[in-house]
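Numbering (mature numbering (1 follows the signal peptide of the UniProt record, and there is no 0)), first residue to last: -19 to -1, 1 to 675. Where a beta carbon is used, it is the ideal one built from N, C-alpha and C, also for glycine. To keep things clear, I will list the structure first and then write my remarks on it.
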């Protein structure tokens, strides 16, 4: 068998032969003379401290470490490539920050970029409605747009059309909120806020008329009335007063006014009640939940999201917000006794809905259709990538196109932001150019990756996102990443396979081996005791299983079966009691010494389903550890530098060439020097040498 070895020729070759790789540590560390290991300064790594450390962040995607536990710290947050020479991360498109730790915001055409934590802490009652906390793993990582008033969409590029009360629905009541204020011996003022707009400072001695005047100056509102409880004449008094605020010209239920108290001295308390909760003083009736609508274009027009204007249906026009004629372009004034028809075909409700007097001559569209005449298509919804939390650590509610795309109402298809896919833009795409995971891995969701999570090569058997309603695992079927845990043929030689790593499977893995300068360390040894006289069995190591091993197998057959596994390179196999076969009816103990795979290893496991034992006995294969491996299992045996971008796999661990018996080493070096003379022998370069494995 031929193995391709890459060897560094020139001055570095001499350093490799000597093995003293840390005489200077490149000026970035201190050499331990006893172990010949570099102790690198902060910010550097590598066997010679030759690499700069890239920053780390909470991983966007990784293998779960326990049930529903993931997103550990990772270099470049597992969303970028580390440049070892500069210590700088090159982030995947759509991510940024020194460690690629934050999601890039959309353009936010008319808005600003905020994190999930900021959205929860600073509600504006326009984009975000609940003042709460959000501290999950993505709190400072996932970002989105907070749109200016009058704009909407995941990137704030769409203009919002006016909303109003449907003029054909009757017998409804308007919303009423209460302002409860107690002021005994106090002074100062207070401020009311609504959808990000604020009143001027209002004195506690203000009258109902003054309060109404200040509220009606707020841009989003079109008219409220204020009445006081009891016999008082001011909005605050020493015994407490309640001001009933009625939304006479704004249909629907609106978030409660937010009040900022600037009252000082004496005793004061001020708050706002809504949603059926009564005011705090004077035994006033409960607040009123509206039955009026706050419908786009009052349900009587089509919204143009480019201009933000309503195109009213025949018979409807601007209103005063209360059903009368006026200047509000909300289609809230008018009447009709006919149902809408589609302009393209003249069909009532486009033949995709129902309409009659019972629906107030409004189309009730079939699933998949919307609009005043059911000519628009609805787009699918998914759990939002970004939104405001509705309660502590509770977010990512359903949203059209998952708040990561724009809905095309002509087709019902989402146009997703770069890096996202799925009918509802619900999936984060895997990296890789030109193919996913660079053609060297499998694209999996966080839930799927958890099934492949392993320690010491053995599957952990854990899940992520399987338990329903766990807030922290909202991403279980949304975030995807590359699983590079497989071997790929790199040619041209038979059996020439390569391992890949990095977040996008773009980097090759270098071999691991024992540090040749360590002393007093031993290889792992395990035994299998086979009691059988017919059939065959298999052995499994780190998820790979041998071909069937017959009971008559010799040591060479067992050795070949084990070394054919991708997780084992070389072993020494010996049978006890001079047995010629691996199994007998009385039992044979086979010792397996792992000479290339180092460290404390998981036990082999055996499948005995194919074995038989004469006399009605039960065949067995018992595996035991007799010597726990203590040799280090380190990259390039801690005596070389790993080049992850090399054009072929490095099948040597730096101990393999430079620390074999002298005659073996001399033959390798002679061959290197023969080729080296054909070029520039005093310069270092990499040569690929076909050297037979001895």
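{"Check": "Could you check if residue 93 is buried or exposed, using at least 16 other CB atoms within 10 Å of its CB as the buried criterion?", "Outcome": "exposed"}
{"Check": "Please report the distance separating the alpha-carbon of residue 629 from that of residue 421.", "Outcome": "Residue placement at residue 629 is flagged as unreliable, the pLDDT there being 41, under the threshold of 50; a coordinate-derived value is accordingly withheld."}
{"Check": "Give the secondary structure of residue 596 by DSSP, where H, G and I count as helix, E and B as strand, and everything else as coil.", "Outcome": "helix"}
{"Check": "Name, in chain order, the residues that DSSP records as bridge partners for residue 389.", "Outcome": "394"}
{"Check": "Return the chain-ordered list of same chain residues with a C-beta closer than 6 Å to the C-beta of residue 312, the five sequence neighbours on each side being excluded.", "Outcome": "278, 279, 281, 282, 291, 293, 297"}
{"Check": "Quick check on residue 326: buried or exposed, where buried means 16 or more other Cβ atoms within 10 Å of its Cβ?", "Outcome": "exposed"}
{"Check": "Measure the alpha-carbon distance for residue 120 versus residue 289 and round it to whole angstroms.", "Outcome": "32 Å"}
{"Check": "Under 7 Å Cβ to Cβ from residue 236, same chain only, skipping five residues before and after it: list those, please.", "Outcome": "106, 110"}
{"Check": "Taking C-alpha atoms, which residue in 272, 346, 522, 354 lies nearest to residue 328?", "Outcome": "354"}
{"Check": "Quick check on the burial criterion: 16 or more other C-beta atoms within 10 angstroms. Buried or exposed for residue 66?", "Outcome": "exposed"}
{"Check": "For residue 651, does the count of other Cβ atoms within 10 angstroms reach 16, so buried, or fall short, so exposed?", "Outcome": "With a pLDDT of only 39 at residue 651, under the threshold of 50, the placement of this residue in the model should not be trusted; the figure read from the coordinates follows. It counts as exposed."}
{"Check": "Taking the alpha-carbon positions, what's the residue 348 to residue 386 distance?", "Outcome": "21 Å"}
{"Check": "Go through the segment 180 to 213 residue by residue and report every complete run of the alpha helix (DSSP H) that reaches 4 residues or more, in order.", "Outcome": "189 to 196"}
{"Check": "Figure out for me which residue from 211, 103, 43 has the closest Cα to the Cα of residue 239.", "Outcome": "103"}
{"Check": "Residue 157: which of 217, 271, 175, 59 sits nearest, CA to CA?", "Outcome": "271"}
{"Check": "Under three-state DSSP, which class holds residue 174?", "Outcome": "strand"}
{"Check": "Considering residue 427, what are the terminal residues of the alpha helix (DSSP H) in which it resides?", "Outcome": "427 to 432"}
{"Check": "Which residues mark the beginning and the end of the alpha helix (DSSP H) in which residue 97 is found?", "Outcome": "97 to 102"}
{"Check": "How big is the Cα-Cα spacing for residue 216 and residue 82?", "Outcome": "50 Å"}
{"Check": "Select from 251, 57, 269 the residue whose C-alpha is nearest the C-alpha of residue 259.", "Outcome": "269"}
{"Check": "Buried or exposed, going by whether 16 or more other CB atoms sit within 10 Å of the CB of residue 647?", "Outcome": "Confidence in residue 647 is poor, its pLDDT being 37 and thus under 50, which makes the residue's placement unreliable; the coordinate value appears in the next sentence. When all chains shown are included, residue 647 counts as exposed."}
{"Check": "If you draw a straight line from the alpha carbon of residue 403 to that of residue 393, how long is it in whole angstroms?", "Outcome": "13 Å"}
{"Check": "Beta-carbon within less than 6 Å of residue 223's beta-carbon, same chain only, minus the 5 sequence neighbours each way: which residues are those?", "Outcome": "159, 161, 210, 260, 262, 263, 265"}
{"Check": "Using the three-state DSSP reduction, which class does residue 154 fall into: helix, strand or coil?", "Outcome": "coil"}
{"Check": "Per DSSP, residue 606 forms a beta bridge with which residues?", "Outcome": "507"}
{"Check": "Identify, in the order they occur along the chain, each residue of the same chain with its Cβ nearer than 7 Å to the Cβ of residue 284, setting aside the five sequence neighbours on each side.", "Outcome": "142, 277, 278, 291"}
{"Check": "On the criterion of 16 or more Cβ atoms from any shown chain inside 10 Å, does residue 45 qualify as buried, or is it exposed?", "Outcome": "buried"}
{"Check": "Look up residue 560 in the DSSP assignment and say whether it is helix, strand or coil.", "Outcome": "coil"}
{"Check": "Taking DSSP as the reference, what is the three-state secondary structure of residue 619?", "Outcome": "helix"}
{"Check": "Using CA atoms only, rank isn't needed, just tell me which of 320, 408, 546 is closest to residue 362.", "Outcome": "408"}
{"Check": "Among 4, 493, 206, 340, whose alpha-carbon lies nearest the alpha-carbon of residue 31?", "Outcome": "4"}
{"Check": "I'd like the list of long-range same chain contacts for residue 513, defined as Cβ closer than 6 Å, with 5 residues on each side in sequence excluded.", "Outcome": "532, 564, 592, 594, 600"}
{"Check": "Measure the C-alpha to C-alpha separation of residue 275 and residue 304 and round it to an integer number of angstroms.", "Outcome": "12 Å"}
{"Check": "Should residue 607 go down as buried or exposed, given a rule of 16 or more other Cβ atoms within 10 Å for buried?", "Outcome": "exposed"}
{"Check": "What do you reckon, are the CB atoms on residue 581 and residue 505 nearer than 8 Å?", "Outcome": "yes"}
{"Check": "Among 507, 549, 139, which residue has its Cα nearest to the Cα of residue 572?", "Outcome": "507"}
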